[in-house]
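Visitor: Quick one: the structure is below, questions incoming.
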Amino acid sequence: MTRTKLLLLMVALLTVALAVWIRRINTAPPLVAFAEVQRETLVSTLTTNGKAEPWEWVAVRAEQPGIVERVAVQKGQHVGRGALLVELDAQDARAEVASAEAAVSQARAELETIDKGGRPSEQVEIGNAVERGRLELEIAQRDYDALKRLASKQAATQHDVAEAGRRVRRLEAELEALGRKRGALVGSADRAAAEARQRQAQATLEQARLRLLRSRLDSPVAGIVYELPARAGAYLNLGDLAAGVGDLRRLRVRVYVDEPELGRVGVGMPVNVTWDALPGRQWRGAVERMPTQVTPAGTRQVGEVLCTIDNPDMKLLPGTNVNVEITSQVVTGGLTIPKEALRNASGQVGVFALDSGRVRWRPIQLGASSVTRAVVVSGLNAGDRVALPSDKLLHDGDAVRVAR
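Dropping the structure here:
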């Protein structure tokens with residue numbers, strides 16, 4: 007046998023052996039890993055993200071525009087109710103108050119003068135004139151009476167008597183005019199006008215004091231200053247945020263739950279919160295309120311579930327992004343299997359269970375689930391073994407080899 011024929015024979019034998027090996031491989035039962043159905047306590051949790059915010063808080067905003075003159079607190083400081091947080095430049099407001107106070111004092115003085123019958127200088131002048139007039143009238147009246155007696159005795163002429171009478175009547179008219187002038191010093195219209203001026207001055211003063219008061223931004227509640235955007239020298243427009251004050255011993259966490267998972271969440275369910283900035287720390291609370299609508303959040307459709315947690319040492323800060331785990335259900339002594347053993351066939355959930363070296367399709371009914379395991383309500387028994395994912399597609403009745 008030549009060397010060439012020997013080489014060809016060896017190649018043919020190797021080809022036959024390879025074909026036999028491939029046939030055996032293809033016809034041998036597949037190697038499949040199985041998991042045993044176990045009875046255990048399963049905690050069904052939903053893991054998502056959220057954002058912490060104060061449970062009770064107020065936003066302190068500028069009630070009038072102005073330049074920040076002083077920031078009286080620091081971020082993280084505990085303040086009492088009514089404590090000064092930020093003070094705006096009040097120089098113009100103080101000047102307005104001083105001017106308005108002066109106007110009020112002047113209006114009050116005018117009203118007091120009217121109540122006393124007019125200005126003293128005018129009262130004195132008219133009073134002196136009245137006294138002089140009365141004295142002159144008395145003298146004129148005596149002269150007139152004397153002339154009339156003399157005329158009856160032919161000792162005075164009728165012309166002198168008439169002239170004295172005219173002088174008496176003139177002085178009487180002057181006294182009457184002085185009386186009218188004294189009465190005209192203060193009229194009802196004068197008092198009404200003075201009262202109106204006083205009311206206007208008082209209103210202007212109240213407005214000036216209000217502007218001065220608004221230059222002080224005080225804390226309406228006791229709590230922690232957790233926001234403080236105001237800076238000395240900065241300009242605040244009406245309504246701009248100057249500070250945020252809240253009670254940080256309890257926090258509200260706004261939890262973003264994907265729409266398909268909302269049915270697993272209910273009010274009162276336990277909540278566990280962690281923060282990446284403080285590894286190992288946990289904050290516990292409960293679901294407080296369910297969402298009223300679903301809104302887009304990036305590529306997700308979420309409902310905002312509100313939870314309340316305790317924060318006694320106030321280490322968890324408002325505005326932080328947190329990790330949230332909601333315990334939706336606890337099943338004690340339930341039959342559980344790994345979630346990766348679950349399969350879908352014609353819209354029915356089931357598993358491939360091991361039965362004498364073959365797999366059998368078992369429809370099952372599921373209950374609660376955790377991240378990795380699910381509770382089987384019916385269809386399996388404790389100790390059953392279910393197939394885990396393998397490279398080969400399994401069918402009901404297929405023979406298998408159990409992976410050790």
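For what it's worth, my numbering labels the leading residue of the sequence shown as 7, then goes sequentially.
Virtual Cβ for every residue (Gly too), placed ideally from N, Cα, C.
Computed from a predicted structure; not experimentally measured.
Can LEU341 and VAL381 be called in contact, C-beta distance under 8 Å?
Guide: The answer is yes: Cβ separation under 8 Å.
Visitor: Would the segment 168 to 175 and the segment 79 to 95 be scored as touching if the rule is three or more Cβ pairs under 8 Å?
Guide: Result no; under three Cβ-Cβ pairs closer than 8 Å.
Visitor: Using a Cβ-Cβ cut-off of 8 Å (strictly less than) and excluding sequence neighbours within five positions of ARG349, which residues of its own chain qualify?
Guide: Closer than 8 Å at the Cβ level, and outside the excluded window around ARG349, lie VAL355, GLY356, VAL357, PHE358.
Visitor: Determine, using beta carbons only, whether SER396 and VAL38 come nearer to each other than 8 Å.
Guide: Contact: yes.
Visitor: Grouping DSSP H, G and I as helix and E and B as strand, with all else coil, what is ASN134?
Guide: Three-state result, ASN134: helix.
Visitor: Which ranges would you report for the beta strand (DSSP E) in the segment 257 to 344 if only whole runs of at least 3 residues count?
Guide: The qualifying runs are 276 to 280, 289 to 295, 300 to 303, 306 to 316, 327 to 344.
Visitor: Looking at the structure shown, is GLY373 part of a helix, part of a strand, or coil, going by DSSP?
Guide: Reduced to three states, the DSSP call for GLY373 is strand.
Visitor: Got a sec, what are the start and stop residues for the beta strand (DSSP E) PRO60 sits in?
Guide: 44 to 67 is the extent of the beta strand (DSSP E) around PRO60.
Visitor: How far does the beta strand (DSSP E) with GLU233 in it reach, from first residue to last?
Guide: Unbroken beta strand (DSSP E) run through GLU233: 229 to 233.
Visitor: If contacts are defined as beta-carbon pairs under 8 Å, then LEU242 and ALA236 qualify, I think. What distance do you get, rounded to the angstrom?
Guide: Contact holds; Cβ gap of about 7 Å.
Visitor: Going by C-alpha distance, which of GLY88, ASP95, ALA168, ASN55 is nearest ILE73?
Guide: That would be ASP95, whose Cα lies nearest to the Cα of ILE73.
Visitor: Among the candidates GLN299, ALA209, PRO318, whose CA atom is the shortest distance from the CA of GLY291?
Guide: Among GLN299, ALA209, PRO318, the Cα nearest to that of GLY291 is on PRO318.
Visitor: Do ALA374 and LEU52 have their C-beta atoms within less than 8 Å of each other?
Guide: Against a cut-off of 8 Å, the Cβ pair of LEU52 and ALA374 comes out as no contact.
Visitor: For ASP98, is the classification buried or exposed, using 16 other Cβ atoms within 10 angstroms of its Cβ as the cut-off for buried?
Guide: Counting Cβ neighbours within 10 Å, ASP98 comes out exposed, since fewer than 16 surround it.
Visitor: Distance check for ARG260 and TRP61, CA to CA, integer angstroms please.
Guide: When rounded, the distance between both Cα atoms is 11 Å.
Visitor: Between the Cα of VAL336 and those of LEU12, LEU15, GLU46, LEU14, spot the shortest distance and give me the residue it belongs to.
Guide: Looking at the Cα atoms, GLU46 is the closest of the given residues.
Visitor: To the nearest angstrom, how far is the alpha carbon of VAL305 from that of TYR262?
Guide: Correcting the residue type first, residue 305 is Thr in the shown sequence and not Val. Going from the Cα of THR305 to the Cα of TYR262 covers about 13 Å.
Visitor: If you reduce the DSSP assignment to three classes, tell me which class GLY250 lands in.
Guide: Of the three classes helix, strand and coil, the one that applies to GLY250 here is strand, per DSSP.
Visitor: What's the gap between the Cα of ARG410 and the Cα of GLY363?
Guide: If you take the alpha carbons of ARG410 and GLY363, they lie about 14 Å apart.
Visitor: Using DSSP with H/G/I as helix, E/B as strand and the rest coil, what is GLY72?
Guide: Here GLY72 sits in strand by DSSP.
Visitor: With distances taken from CA atoms, which of ARG67, GLN70, GLU201 is nearest GLN112?
Guide: Nearest of ARG67, GLN70, GLU201 to GLN112, Cα basis: GLU201.
Visitor: What number of angstroms, rounded off, separates the C-alpha of ARG407 from the C-alpha of VAL392?
Guide: ARG407 and VAL392: Cα-Cα distance of roughly 13 Å.
Visitor: Suppose the cutoff is 8 Å on Cβ atoms and the five residues either side in sequence are ignored; what does the same chain contact list for LEU218 look like?
Guide: Excluding positions up to five away in sequence, the list reads ALA96, ALA99, ARG100, GLU102, VAL103.
Visitor: Taking Cβ to Cβ, would you say VAL77 is nearer than 8 Å to VAL251?
Guide: The answer is no: Cβ separation not under 8 Å.
Visitor: Compare the beta carbon distance of VAL293 and VAL277 with 8 Å and say whether it is the shorter of the two.
Guide: Yes, they are a contact pair.
Visitor: So, for ALA405: in the same chain, excluding its five sequence neighbours on each side, which residues have a beta-carbon less than 7 Å away from its beta-carbon?
Guide: Correct list, in chain order: PRO35, GLY363, ARG364.
Visitor: Under a Cβ-count criterion, where at least 16 other Cβ atoms within 10 Å of its own Cβ denotes burial, should ILE145 be classed as buried or exposed?
Guide: ILE145 should be labelled exposed.
Visitor: For ASP390, count neighbouring Cβ atoms within 10 angstroms of its own Cβ and tell me buried if that reaches 16, exposed if not.
Guide: Under this definition ASP390 is a buried residue.
Visitor: Give me the Cβ distance between LEU234 and MET320, rounded to the nearest whole Å; I'm assuming they're in contact under 8 Å.
Guide: LEU234 to MET320, Cβ: 16 Å. No contact.
Visitor: Ordered along the chain, which non-local residues of its own chain (more than five positions away) have a Cβ less than 6 Å from that of ARG368?
Guide: So the list reads GLY356, VAL357, ALA359, GLY385, once near-sequence residues are dropped.
Visitor: Sort out for me which residues DSSP pairs GLY356 with in a bridge.
Guide: Beta-bridge pairing links GLY356 to ARG349, PRO369.
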